[in-house]
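So the protein lines, in turn, are chains Z and E. For what it's worth, my numbering labels the leading residue of the first sequence as 5, then goes sequentially. For what it's worth, my numbering labels the leading residue of the second sequence as 11, then goes sequentially. Even glycine gets a Cβ: it sits at the ideal position worked out from N, Cα and C.
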Amino acid sequence: NAGVMQNPRHLVRRRGQEARLRCSPMKGHSHVYWYRQLPEEGLKFMVYLQKENIIDESGMPKERFSAEFPKEGPSILRIQQVVRGDSAAYFCASKPGTGSTDTQYFGPGTRLTVL
Amino acid sequence: GENVEQHPSTLSVQEGDSAVIKCTYSDSASNYFPWYKQELGKGPQLIIDIRSNVGEKKDQRIAVTLNKTAKHFSLHITETQPEDSAVYFCAASIYNFNKFYFGSGTKLNVKP
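And the structure:
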């Protein structure tokens, strides 16, 4: 029973390039969350998605960042025109659905380095 | 929005001793409080959680207590072992709103 999967685990980009981070939730989970973690800090909420819907994007920067969770395939966090400040670990979490447990299960993260 | 504060930022204990990590939250509507353990280079792993209708929960060497009036909750680890060494995060959320507000983390070092 595979857990939450994220790829790539490490991603290096130069300033101005695009970064695409992928998250496959646990089997049977239809809710996905993205969090960002800066070094030596806690995780900060970015966005909450269900299949084909963005439920809450209040933690997402207004520009350059976007997220999707299509009907088929993984959830994607996309960062356009990356800057050095985007360097961080990005974690995806999933849970089954509303009305079920609140527990979120986290993936291993993608560590983004912007040169 | 919710603000979660966590103390201490680092904690060093001798193997076999107990460790206590404390968190406070600001939003009285928060009603779900998970604790996560994060090892170096890995994602957070849930170790225990508590809901606001319960004051205490225990799972083997790990326990969590919640004081709704004072808006604080604590993680207690007894008989610590070197493999307990990691960064521990508390979090708070409101049921059905779902996003977690995390504390800043506590780096626990258990010395053999």
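Under 9 Å Cβ-Cβ, which residues of chain Z neighbour K68(E)? Locating residue 68(E) in the second sequence gives position 58, counting from the first residue. Within 9 Å Cβ-Cβ: nothing; K68(E) doesn't reach chain Z, min ~18 Å.
Pop quiz: G65(E) and T75(E) are said to be a contact at Cβ under 8 Å. What is the actual Cβ separation, rounded to whole angstroms? Taking the first residue of the second sequence as position 1, residue 65(E) is located at position 55. Taking the first residue of the second sequence as position 1, residue 75(E) is located at position 65. Beta-carbon to beta-carbon, G65(E) and T75(E) are separated by about 7 Å, close enough to satisfy the 8 Å threshold.
Chain Z within 7 Å of S114(E), Cβ atoms only: Against the second sequence, residue 114(E) aligns to sequence position 104. At least one chain Z Cβ lies under 7 Å of S114(E).
Within chain E, partners of E56(Z) - CB distance below 7 Å: Taking the first sequence and counting its residues from 1, one reaches residue 56(Z) at position 52. Within chain E, no residue comes near E56(Z); the closest Cβ sits about 18 Å away, beyond 7 Å.
Could you check how far apart the C-beta atoms of S28(Z) and M9(Z) are, in whole angstroms? I think they sit under 8 Å. Within the first sequence, numbered from 1, the residue matching residue 28(Z) stands at position 24. Within the first sequence, numbered from 1, the residue matching residue 9(Z) stands at position 5. Sure, about 4 Å apart at Cβ, within 8 Å.
What three-state label does DSSP hand D60(Z) in the structure shown? Mapped onto the first sequence, residue 60(Z) falls at position 56. Looking at D60(Z) - three-state DSSP - the assignment turns out to be strand.
Rounded to whole angstroms, what's the CA-CA distance from T34(E) to G11(E)? Just pull it up for me. For the purposes of this step, residue 34(E) is taken as the residue at position 24 of the second sequence. For the purposes of this step, residue 11(E) is taken as the residue at position 1 of the second sequence. The straight-line gap from Cα to Cα measures roughly 14 Å.
For a test of the three-state rule: what should DSSP assign to R71(E), helix, strand or coil? As a working mapping, residue 71(E) is identified with position 61 in the second sequence. Coil at R71(E), not helix or strand.
Does DSSP put P92(E) in a helix, in a strand, or in coil? Position 82 of the second sequence, counted from the start, is the residue given in the question as residue 92(E). DSSP places P92(E) in helix when its eight states are reduced to three.
Below-7 Å beta-carbon distance, N108(E) vs any chain Z residue: Within the second sequence, residue 108(E) is the residue found at index 98, counting from 1. At least one chain Z Cβ lies under 7 Å of N108(E).
Determine the burial state of P98(Z): buried for a count of at least 16 other Cβ atoms within 10 Å of its Cβ, exposed for fewer. Indexing the first sequence from 1 puts residue 98(Z) at position 94. Strictly speaking, residue 98(Z) in this sequence is Ser, with Pro absent from that position. Counting Cβ neighbours within 10 Å, S98(Z) comes out buried, since at least 16 surround it.
Where the beta strand (DSSP E) containing R17(Z) begins and where it ends: Against the first sequence, residue 17(Z) aligns to sequence position 13. First-last of the beta strand (DSSP E) with R17(Z): H14 to R17.
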